[in-house]
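In my numbering, the protein residues as written are 19 to 249. Data block below; observations after.
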């Protein structure tokens, strides 16, 4: 009986002392996962839309597709580059006609764009439940590669709009969804600003144009989805 009582007292004293140690030994899985891979590349597609300017001769929205490459630099910062093609169209506008009757046709636009930028991950070089939202800051150059439209050739040279080479600045957000160590999906939403040059014919005071700038700022919105390979 004494042996039993001693064992009972020993158990009451020792087991509570062991319990905290056992609790401390338990680990809770982290919702964050460190990203082992530093480089990624992939193909994307999406939609873009642009404001067409005061007189409406700028490119409209359309389909965008291309490829991108990115490399992790340090902490939350990654350096990125992209090549994209935008298939769109624009109105051919004649400044010699009355307002409301100036559109005389439509021209195809095949815009090539080269981008470079920085991506700032809000979770650092980690993923939260497989997701990593980011802020994007970039800049690029765009130019139209489509042939001149025959309808536009009927206009005087001073009345023709030419896209030329245009500088574009962009600001946006993106989210990575990491499917595995080597595969990911990415969604981007971008706001952009660029300048459209004004043909001289649209600032001719003899035609009633007043206060027309030599160039104007126009905005754009775009959304793309990218399939990425990481290494």
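C-beta: ideal position from N, C-alpha, C; glycine also.
CA-CA distance, residue 204 to residue 194, rounds to 4 Å.
Our two residues, residue 72 and residue 229, have alpha carbons roughly 12 Å apart in a direct line. DSSP, reduced to helix, strand and coil, places residue 150 within a strand of the structure shown.
In the DSSP assignment, residue 191 forms a beta bridge with 153 and 207. Remark: C-beta atoms of residue 109 and residue 87 do not approach each other more closely than 8 Å. Selection 132, 202, 225 and 151 evaluated against residue 177 yields 225 as nearest (Cα-Cα). As the crow flies, the alpha-carbon of residue 133 is around 14 Å from that of residue 96.
Residue 235 and residue 181 have their alpha carbons spaced roughly 13 Å apart. Inter-residue distance for residue 67 and residue 104 is about 10 Å (C-alpha atoms, whole angstroms). Contact between residue 57 and residue 81 is absent: CB atoms are separated by about 27 Å, not below the 8 Å threshold.
In summary, residue 113 is buried, with 16 or more beta-carbon neighbours lying within 10 Å of its beta-carbon over all protein chains present. A straight line joining the alpha-carbon of residue 142 with that of residue 215 spans about 40 Å. In the three-state reduction of the DSSP assignment, residue 50 falls in the strand class. If you check the CB distance, residue 63 and residue 243 come in under 8 Å. Following the DSSP letters along the chain, one finds residue 246 inside the beta strand (DSSP E) bounded by residues 233-248. Distance from the CA atom of residue 90 to the CA atom of residue 54, rounded to whole angstroms, is 10 Å.
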